[in-house]
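Shown next, in structure tokens, is the structure this report addresses.
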Amino acid sequence: MIMDNSKTTSKTTLLKLMLLRAWKERWTDCQWGINVKTILTRGVSGDVYNLADAIIQQAVVGSGANMLFLSYLKHSLCAHLISHAAVLNRIAKYDQFDKHHCLIALLDFLKSIIDGVTCRGKQEEAILTKATVSLVHWLLQIYECVLQSYAEDSTLQPEEEEVVQRVAVVLERIVENPFLLGVLSIGKCDDPELFIALQKRFNGISNLTLTTGYVANVGAGNANSLTVTDCIRKLVLLEVDALEMRPFDGGKVEPITYSLQPLIAIEVLLNPMCDTHQYVAQLINLKRLKGFTYARLYCELMRGCLIALNNVEGTAKESLLCAFAFIKVPHILHQLHAKTNGAEQQDEATGATYSVEVREAFELLLQDTPVLDYMDMKCACNVVECLLKEMVKLQLLTDTHVKQLVALREPVTAGLHKLDANSAPLTMMLKFVFRVESPLAGILKALSTDCSKVQDALLAMLCQVLTGNSLDLVLSVASVEGKFRAFISGLLKCNDYAKQATTTEIGKAPTTRSALFDVSFMILASIAQSYGSDVILAEGGNSFFEKWVRDYMVERKKTKSPMTMVKQADPMVLEELIMAMNNSEGMYVGLKASSLRWEDICYTIPALVHQVLMAWESESIAPLEIKKMLDGLKAYFSTFAVCAASWLCAYMQMVRQDEQLKPMNMVQQLCSALAGPLADEWQQQDYCKERFGLMGQIVRRMQQEFLRTPQVNPKLRALFPSQQQQQHVVSHLPLEEQFEEAWKAIAERGWLPIETTFLLDTLLQSCGPAWLVEKLIGKLFVCKYVRDLNKTMDIIFAIMHLDIERCTIALLSQLVPMMLLSKAQTPEIVDPQSRVLAKLCVYCIIVTMETSLTATKKRTRGTASSELEDLDALCTSAKLRKIELDGMGVGCTEAATGGASGTEFSLDSALEPTASAWTTEAASIATLKEPLQSCLQTLFRTFAQHIATDELSPKVYFVFQFLSLLVESGRERIMCVLKLLPNGLVQSLLKINATDEMTVGLILRLYDLNTPSGRQFAMSDICLLRNIQMRKESIKL
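Numbering (my numbering), first residue to last: 89 to 1125.
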């Protein structure tokens, strides 16, 4: 070490002596360059011997700068004998601000080299960041000294004015230089203390500017030119987001979006229990991805709902979609407005406040005349007016806006109102949807009180909604208003109360209580059929009905063993039921005479029906006796008929085809009407017709569920041709043709029809996400025009929300790598298809990370991830023809039970920030979990393999497009994904694709500048980009 120091010291001394000699002999800069190389051997930088320090020290010894030494300094820079970092660092140390001529010379020198500042070695990179920040600090010191002088003398000397002009020019050059701005951004994170000192200096300058009123302009000095203070502000308040990055699609916002209507159809139809805050999270995410304003987002949401209502007539979901469009959507807009602190104004006429974005959204909606005209014609009313009235209830708009906006539609709606309202089914549906809110509130209020005090009124209200499709309407409105949980909890409490017999009941009370038990049981059973038993079991209680639906109710995709039900029966109860069946006056009288508890009878009916069926099989009981027994069950309680039908349907799923006819005959008997004396006695019960009608619906659904299974006896298919045709039991078309039919229906319309939604969901369940995504991407690559590509991508993106996590994993882990590996069976990645594919991948990644999937979500169906993988492998077979059009697939449907639970990403934290955070749309720090993390790591390794060569291919350009859009769309939320990029991937990409699209702003956004490694790689990459650009432009220093 001593020898090295002596050598260094001796060479430093030699360089200083050579400088003196050069000055004495007046060497030219070329002579200096030739002679200095006799001391500096090849590959040795003058920075080691402080050459830049020595030259500048000699250059500013006197009152004026020695231009000869400065020429040596510039030549040394051009010859790469010294680094820019060393020069900037040494200039920033000059503190003799009273030597104006030296300052002018140094500033002129900076002006001549500042555009060519770069670094050419790893050691220089770390120095350059601090040197650049120090240089800016030095410039601020000079300007502050000038301001202080002006504050004292109220005027500036000519030399001071020249100093200010040169400071302005240098600051302007720095502000206009993307590379230097990038270096400053890295330096800001690398040395926060120095940057804080910079900010304090800027505060002093701002105060002096206000005090003195002195303003120095940059450039020509016209009114629109920047001031020195403006330049300083840009440098001091510099953020990475302010650095230029070329927008992916030129920063244009698409004029029409095709993703919202399919997204609405999927979420509303397949996930009716979705909470309002989940819709809010999805819509905010979509707004960020698409770059919409909130007014545009609100407009597209309402427009998508109206399009979704186009073909709901006659379907079981029309009430749900109507309730969502006209009741749920206003609540979503209200929560969006509250969460985002939307702009508000005061109505001059009424003095009430209203949402500016909502008003603008309706103005945009009114421009979509074809959609509104068509929906007004179908509904025979003004749909905009219906929406506006709901907005007024939530104080999003005022009555003044209703009048103004309705007046704009008046010329069209005046003719439409002349149509017969009774001929428009949607008109009646809309009226019922709005009317059902009041009865629902009454039912919920009654259910929340003591049932013993209001059982007569409660029974009347519950039976009132059993007529027609009123129950569907009530359930639809309850689900969209977020009152479904309260409704179910109240019914469970009511059912538990009604099954408890009390000794103090007199008069009609026992009869009312029994009817209440029957009605509440069947309404809960109907809910479990329509919405899944999970919505019942989510209450987490241990009531009678929860136990029954968990262990005894037959359900699709949840197979239950019929013999397990039989074994759970109490032998004593079974014996008494058999005695009641053998009663000489019939089963009905026998049940009335027994003292059995109703819940015990429900638990024991499977064993009773099993014994009767076995006796029929062995011909030891006559069919007439079986008919009497079944009639007695359903005459006493419709609930008992439901329990019997549930076991029979579960039993038919487990036996051979030749053993299915007799159980099916028993199910048919349960659905048939009563006759004879038993019917007369049955009609004496309260609300017997309403109860029997609901029981028939429930039993027929169970029957139809069984008819959907592929193991059905052909004779049974012949017995129910109408049901088979109506319910699309099993499609006999190959899977490929089914998908082609579904896509044809979408392509012809440009939106997702109701039937196609269920078909695609069943295709996903039967074939798995990899198969479906491959087919969808195939349709994307068929498109030739950019407009069609964007439209198709929007629709595919929405369809993947059938199971966004598993579809994203399939896309990124299977399909994209296969396309990069040039598999023959996949389309080739070329522009513009590659651009749209990159956009789809990025959208899916961000949505998968940030979508909130709670336990109520349809895609989370409670299966283990290991089972999912096994079932996915099984369900790839094309022989599984289990497709129907209402989303009730069988067989390998467990494969679509959603992604691994516990690995989802939540937007809950993003929905609870402060008001200011929502105003700026600041996102919470996202975390990346499995399986998405492993999938992305594998994908990025695949990217690195394809960038190993120096050839710019379409696949390499796809990687660049992917990273560029990932940064643009995800911003700081995507940093956890960018951390997975392999080291050197961006630099390899730079060497191949150093085009104008590759900017300093993009590179810095690819790294986490808060970590030392992130700053190191970012600095290395922007220096590489700088040198490549300088080589292309042949800049001479």
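For every residue, glycine included, the Cβ atom is placed at its ideal position computed from N, Cα and C.
Which of helix, strand or coil does DSSP assign to residue i?
{"i": "E793", "result": "helix"}
{"i": "E643", "result": "strand"}
{"i": "N305", "result": "strand"}
{"i": "K104", "result": "helix"}
{"i": "T317", "result": "helix"}
{"i": "Y1095", "result": "coil"}
{"i": "G1072", "result": "coil"}
{"i": "N399", "result": "helix"}
{"i": "K596", "result": "coil"}
{"i": "A943", "result": "A caution first: A943 carries a pLDDT of 31, below 50, which makes its placement in the model too unreliable to give a value."}
{"i": "G152", "result": "coil"}
{"i": "R114", "result": "coil"}
{"i": "A657", "result": "coil"}
{"i": "F380", "result": "coil"}
{"i": "Y585", "result": "helix"}
{"i": "C410", "result": "helix"}
{"i": "N291", "result": "helix"}
Could you tell me the distance, in whole angstroms, from the CA atom of residue i to the CA atom of residue j?
{"i": "N1098", "j": "A304", "result": "35 Å"}
{"i": "T692", "j": "P711", "result": "21 Å"}
{"i": "L371", "j": "G1058", "result": "15 Å"}
{"i": "A732", "j": "V697", "result": "7 Å"}
{"i": "L1068", "j": "F1028", "result": "8 Å"}
{"i": "L380", "j": "P335", "result": "At residue 380 the sequence reads Phe, which differs from the Leu that was named. Those two C-alpha atoms are separated by around 15 Å."}
{"i": "F1137", "j": "W735", "result": "In the structure as shown, the chain starts at 89 and stops at 1125, and residue 1137 therefore has no counterpart that could be examined."}
{"i": "L377", "j": "V623", "result": "32 Å"}
{"i": "D774", "j": "S682", "result": "21 Å"}
{"i": "L840", "j": "I883", "result": "8 Å"}
{"i": "V521", "j": "Y367", "result": "21 Å"}
{"i": "V400", "j": "I352", "result": "13 Å"}
{"i": "G674", "j": "S618", "result": "34 Å"}
{"i": "L721", "j": "Y676", "result": "7 Å"}
{"i": "A369", "j": "L561", "result": "26 Å"}
{"i": "K1120", "j": "K1079", "result": "13 Å"}
{"i": "E240", "j": "T299", "result": "11 Å"}
{"i": "K187", "j": "A256", "result": "18 Å"}
{"i": "E355", "j": "C362", "result": "8 Å"}
{"i": "D318", "j": "G134", "result": "37 Å"}
Quick check on the DSSP output: the beta strand (DSSP E) that includes residue i runs from which residue to which?
{"i": "T441", "result": "T441 to S443"}
{"i": "E432", "result": "E432 to Q434"}
For the alpha helix (DSSP H) that residue i lies in, which residues bound it at each end?
{"i": "Q921", "result": "Q921 to E938"}
{"i": "H163", "result": "M155 to C166"}
{"i": "E893", "result": "I892 to A898"}
{"i": "N177", "result": "H172 to I179"}
{"i": "H188", "result": "H188 to I201"}
{"i": "A626", "result": "No alpha helix (DSSP H) holds A626; DSSP gives it neither H nor E."}
{"i": "H889", "result": "Premise fails: H889 is in no alpha helix (DSSP H) and is neither H nor E."}
{"i": "N753", "result": "L749 to C759"}
{"i": "Q1025", "result": "L1020 to H1034"}
{"i": "V136", "result": "No alpha helix (DSSP H) holds V136; DSSP gives it neither H nor E."}
{"i": "P822", "result": "From DSSP, P822 is part of no alpha helix (DSSP H); its letter is neither H nor E."}
{"i": "L272", "result": "P266 to D278"}
{"i": "D423", "result": "As written in the sequence, residue 423 is Gln, which differs from the Asp given in the question. Per DSSP, Q423 belongs to the alpha helix (DSSP H) from V417 to K427."}
{"i": "D719", "result": "P711 to Y724"}
Just to check my reading of the structure: residue i and residue j have Cβ atoms closer than 8 Å, yes? What is that Cβ distance to the nearest angstrom?
{"i": "D461", "j": "V471", "result": "10 Å between Cβ atoms; not a contact."}
{"i": "V251", "j": "V234", "result": "6 Å"}
{"i": "P920", "j": "T1030", "result": "Wrong, their Cβ atoms sit about 22 Å apart, outside the cutoff."}
{"i": "L269", "j": "L326", "result": "6 Å"}
{"i": "I33", "j": "A1082", "result": "Residue 33 lies beyond the range of the chain shown here (89 to 1125); nothing can be said about it."}
Kindly indicate if chain C contains any beta-carbon less than 8 Å away from that of residue i.
{"i": "L1077", "result": "No chain C appears in the structure shown, which is made up of a single protein chain."}
Segments assigned alpha helix (DSSP H), at least 4 residues, entirely inside the stretch 212-259: none
Length at least 4, wholly inside the stretch 839-887: the alpha helix (DSSP H) runs in chain order: 842-855, 857-870 and 874-887
4-residue-minimum alpha helix (DSSP H) runs that sit fully inside the stretch 529-564, ordered along the chain: 539-552
Complete runs of the beta strand (DSSP E) confined to the stretch 321-364 [at least 3 residues]: none
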